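Q: Chains as they are written, first to last, in the UniProt record's numbering: chain C, 1 to 203; chain S, 1 to 203.
2 protein chains.
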Amino acid sequence: MAPPVTRRPVGHHHGDLRNSLLRASLELVGERGPHGFTLAEASRRAGVSVAAPYKHFADRDALLAELATQGYREQRNRFAAAVKGIEDPADQLASFAAAYVRFAAEEPALFDVTFNAGLDRSRFAEPAAAGDEVARLLLPVARQFASDPDAAFDLLLRIAAAAHGLAVFLRQGLFGVGIAALSDTEEKAARTARAILRQDAGS
Amino acid sequence: MAPPVTRRPVGHHHGDLRNSLLRASLELVGERGPHGFTLAEASRRAGVSVAAPYKHFADRDALLAELATQGYREQRNRFAAAVKGIEDPADQLASFAAAYVRFAAEEPALFDVTFNAGLDRSRFAEPAAAGDEVARLLLPVARQFASDPDAAFDLLLRIAAAAHGLAVFLRQGLFGVGIAALSDTEEKAARTARAILRQDAGS
DNA sequence: GTCTATAATCTGATAGAC
DNA sequence: GTCTATCAGATTATAGAC
């Protein structure tokens, strides 16, 4: 006789549908971008009906907002780790720039969803708040090169923008930048960060 | 008696539907992004049926590819104008960086479609070719700072990436960068370009 | 070249059964 | 909490009339 199989009731989920949906959605965003993401396809991949997600998320955008929040938190964790244990603030910011590129390359879906989801800011405050925490982490480092908070902001913005642009170019294979060129692109980001810092120090 | 009105036959177009469609599509891309663009809505805005575009474009992506090509050509024109008449190559590249930000701010739809349309490269070669011409325009300028072509490419890539990141942040109002901050952002891009050049000159 | 009409899909979201 | 069933709407693309 076959042993009694504890079979999950057909048509029911294993109990963590919320997280399963988030995982499936992230995978989907990675393949098609935030705008190509559909709740129906995410449901299919999670193995549930298209109605099931509505017990866990108000609607499609609410799920995307949750992913965006996760994206910013992952950024903060990665960038915190990137600067931790480094003494020289210039080295810290160079490490941050490299980590920015690495984040985009290793978590393309989270990267996309944080800056390309087109969420209504008045409706979803949580992603923006999580994004602010990323800035809050790094501004004190930039502050060591700047005479006032505005200058620190300018510095951090330019370093992050340079890393962002390189990350986008890398992701799109633009200008001959292949996907195998991750470490090259990290190095370019770090080097550009130092160039920006040197200019400020010397002016 | 009412004067004879030269009435266009109902259901027919004025004869330049192709361009009308491109214009309407560009407007639409500006509002919703390349992924939010639909041929049906573009047809509606051009005042024709949803079947009409298929006499002018093979499909939706073919129209987007045409817009992307236009975008790169507009870039080339703008950047050519930005460096023209300037002698110092450092000034030229700083002017290019500012023009890059201006292009993104003034032609957001063209900007989006060039790097965010997600077109199949193996199917559409024309946009990529038009993009290469942008690089061809600027590489000789960068070459004046670099000892070899690879170094020139690295330089141009980093300057363009910094401008790109700043343009994206500006468009999204990220990090408190408001839409009114165009000239500020242009200046940041130009300043970052000079920082990158100085580093190379001094190393 | 443009239309009407249609096919075939896909989507977001809801109601009610279990 | 999940399902089935369903609605209303949208899209791409084609066929055939004019």
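Here a beta-carbon is modelled for each residue, glycine too, at the ideal position from N, C-alpha and C.
Model, not experiment: these values are computed from the prediction.
Give the range of the alpha helix (DSSP H) segment to which E66 (chain C) is assigned.
A: Position 66 of the first sequence holds residue 66 (chain C). Note, E66 (chain C): alpha helix (DSSP H), 60-83.
Q: Can you grab the Cα-Cα spacing for the pair I196 (chain S) / E187 (chain C), in whole Å?
A: Counting from one through the second sequence, the residue named residue 196 (chain S) turns up at place 196. Counting from one through the first sequence, the residue named residue 187 (chain C) turns up at place 187. Cα to Cα, I196 (chain S) sits roughly 14 Å from E187 (chain C).
Q: Can you check which of these residues, S:A117, S:T192, S:D88, is closest to G36 (chain S) by C-alpha distance?
A: Here residue 36 (chain S) refers to the residue found at position 36 when the second sequence is read from its first residue. Closest option to G36 (chain S), Cα to Cα, is S:A117.
Q: Do we get a CB-CB distance below 8 Å when we pair D120 (chain C) with the residues of chain S?
A: For the purposes of this step, residue 120 (chain C) is taken as the residue at position 120 of the first sequence. So no, D120 (chain C) is outside the interface.
Q: Mind checking R102 (chain S): buried by the 16 CB within 10 Å criterion, or exposed?
A: Here the question's residue 102 (chain S) lines up with position 102 in the second sequence. That one is buried.
Q: Below 8 Å between beta carbons is the criterion; list the residues of the region 163-175 of chain S that meet it against any residue of chain C, in chain order.
A: Listed by position along the chain: A163, H164, G165, L166, V168, F169, Q172, L174, F175.
Q: Short of 6 Å in beta carbon distance, which residues of its chain neighbour A82 (chain C), apart from the five on each side in sequence? Order them along the chain.
A: Within the first sequence, the letter at position 82 stands for residue 82 (chain C). Closer than 6 Å at the Cβ level, and outside the excluded window around A82 (chain C), lie S95, F96, A99.
Q: Taking a contact to mean a Cβ-Cβ separation below 8 Å, would you say L67 (chain S) touches V29 (chain S) in this structure?
A: On the second sequence, residue 67 (chain S) is found 67 positions in, with the first residue counted as 1. On the second sequence, residue 29 (chain S) is found 29 positions in, with the first residue counted as 1. Against a cut-off of 8 Å, the Cβ pair of V29 (chain S) and L67 (chain S) comes out as a contact.
Q: Quick check on the burial criterion: 16 or more other C-beta atoms within 10 angstroms. Buried or exposed for E107 (chain S)?
A: The residue labelled residue 107 (chain S) in the question sits at position 107 within the second sequence. Counting Cβ neighbours within 10 Å, E107 (chain S) comes out buried, since at least 16 surround it.
Q: Can we say the region 158-174 of chain C touches the region 155-173 of chain S, given the rule of at least three CB pairs closer than 8 Å?
A: At 8 Å Cβ cutoff, the stretches touch.
Q: Taking only beta-carbon positions, decide if R8 (chain C) is within less than 8 Å of chain S.
A: Here the question's residue 8 (chain C) lines up with position 8 in the first sequence. For R8 (chain C), the predicted model reports a pLDDT of 45, less than 50, meaning its position is unreliable; a value from the coordinates is still stated below. False, the Cβ-Cβ gap to chain S never drops below 8 Å.
Q: Any C-beta of chain C sitting closer than 8 Å to the C-beta of S20 (chain S)?
A: Numbered from its first residue, the second sequence carries residue 20 (chain S) at position 20. No, because no Cβ of chain C sits closer than 8 Å to the Cβ of S20 (chain S).
Q: Tell me, please, whether the region 126-138 of chain C touches the region 50-57 of chain C by the rule of three or more beta-carbon pairs shorter than 8 Å.
A: Short answer: they don't touch.
Q: Leaving aside the five residues before and after I86 (chain C) along the sequence, list all residues of the same chain whose C-beta is less than 7 Å from its C-beta, in chain order.
A: As a first step, residue 86 (chain C) must be located in the first sequence, where it is residue number 86. Excluding residues within five positions, the ones whose Cβ falls inside 7 Å are Q92, S95.
Q: Among S:P89, S:D59, S:V113, which has the Cα closest to the Cα of A190 (chain S)?
A: Stepping through the second sequence from its first residue, residue 190 (chain S) is reached at position 190. Minimum Cα distance to A190 (chain S) is reached at S:P89.
Q: Which stretch, first to last residue, makes up the alpha helix (DSSP H) that contains R44 (chain C)?
A: Residue numbering aside, residue 44 (chain C) sits at position 44 when the first sequence is read from its first letter. Counting along the chain, the alpha helix (DSSP H) containing R44 (chain C) begins and ends at 39-46.
Q: DSSP three-state label for L164 (chain C), please.
A: The count along the first sequence starts at 1 and reaches residue 164 (chain C) at position 164. Looking at the sequence itself, residue 164 (chain C) is His, so the reference to Leu does not match. DSSP places H164 (chain C) in helix when its eight states are reduced to three.
Q: Between E126 (chain C) and the rest of its own chain, which residues show a CB-CB distance below 6 Å, the 5 nearest in sequence each way excluded?
A: Along the first sequence, one-based indexing puts residue 126 (chain C) at 126. So the list reads T69, once near-sequence residues are dropped.
Q: Less than 8 Å between CB atoms is the rule here; does G36 (chain S) satisfy it with respect to chain C?
A: Locating residue 36 (chain S) in the second sequence gives position 36, where the first residue counts as 1. It does: the Cβ of G36 (chain S) has a partner Cβ on chain C nearer than 8 Å.
Q: Roughly how far, in whole angstroms, is the beta-carbon of A46 (chain C) from the beta-carbon of L17 (chain C), given that I think they are within contact range, below 8 Å?
A: For the purposes of this step, residue 46 (chain C) is identified with residue 46 of the first sequence, where counting begins at 1. For the purposes of this step, residue 17 (chain C) is identified with residue 17 of the first sequence, where counting begins at 1. Yes, A46 (chain C) and L17 (chain C) are in contact; Cβ-Cβ is about 7 Å, under 8 Å.
Q: Once DSSP output is grouped into helix, strand and coil, what is the label at I86 (chain C)?
A: Walking along the first sequence from the start, residue 86 (chain C) turns up at place 86. Correct three-state label for I86 (chain C): coil.
Q: Who are the Cβ neighbours of D200 (chain C) in its own chain at under 8 Å, not counting the five residues just before and after it?
A: If you number the first sequence from 1, residue 200 (chain C) lands on position 200. Here the set comprises F145, A146, A151, L155.
Q: Could you check whether the Cβ of F124 (chain C) sits closer than 8 Å to any Cβ belonging to chain S?
A: If you number the first sequence from 1, residue 124 (chain C) lands on position 124. Chain S, which has no Cβ nearer than 8 Å to the Cβ of F124 (chain C), makes this no.
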